[in-house]
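S.K.:
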Amino acid sequence: MPSIKIISCATGSGLTLPYAPSQTLSSLKSSLLQSPSYASSRAVRLFYLGRELKTGGRTLDGLGVGRFNVWVMHALGDAKGGGGGGRPRPGGGRS
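Mapping the sequence shown onto our numbering, position 83 (from 1) lands on 167, and the numbers just tick up by one.
Below is the structure:
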């Protein structure tokens, strides 16, 4: 089974996970959140070829993962706890 490298946007560290074209994005995110590198995250956003992958029920093949022989994704995890995370909005509050 081929693998895909996921690089953390926050730390630059990498993690290699098994990859199946029929795997869903939700399944990949779930596997990622179970890894020790992302154990402190409650959610993770994945980016591939400069775009955020949002449709969790679609397969990785359907989302174009592996197209152009690129097997790298970037991940941005949300920390657990805290008051909702996100960036402050211009008028105060959080997103």
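Beta carbons are placed, not taken as given, at the ideal position from N, Cα and C, and that holds for glycine.
(1) Return the chain-ordered list of same chain residues with a C-beta closer than 6 angstroms to the C-beta of S92, the five sequence neighbours on each side being excluded.
(2) Where does P102 fall in DSSP's three states?
(3) Enumerate in chain order the residues of its own chain whose CB-to-CB distance from S110 is below 6 angstroms, with the five nearest sequence positions on each side excluded.
(4) Determine the closest residue to G127 out of P86, Q107, M85 and D162, with distance taken between C-alpha atoms.
(5) What do you get for M157, buried or exposed, if any count of 16 or more other CB atoms within 10 angstroms of its CB means buried?
(6) From the DSSP secondary-structure annotation, give me the bridge partner or partners of M157.
(7) Where does S125 land, buried or exposed, given buried means 16+ other C-beta within 10 angstroms?
(8) Report the three-state DSSP secondary structure of R129 (helix, strand or coil).
M.R.: Quick answer:
(1) Within the sequence shown, the letter at position 8 stands for residue 92. Result list for S92: A159, in chain order.
(2) For the purposes of this step, residue 102 is taken as residue 18 along the sequence shown, with counting starting at 1. Of the three classes helix, strand and coil, the one that applies to P102 here is strand, per DSSP.
(3) For the purposes of this step, residue 110 is taken as residue 26 along the sequence shown, with counting starting at 1. The residues are G140.
(4) Looking up residue 127 in the sequence shown gives position 43. Gly is not the amino acid found at residue 127; the sequence shown has Ala there. Minimum Cα distance to A127 is reached at D162.
(5) Walking along the sequence shown from the start, residue 157 turns up at place 73. Its Cβ being crowded by 16 or more others within 10 Å, M157 is buried.
(6) Here residue 157 refers to the residue found at position 73 of the sequence shown. Paired residues: I90.
(7) Taking the first residue of the sequence shown as position 1, residue 125 is located at position 41. Per the 10 Å Cβ criterion, buried.
(8) Position 45 of the sequence shown, counted from the first residue, corresponds to residue 129. Reduced to three states, the DSSP call for R129 is strand.
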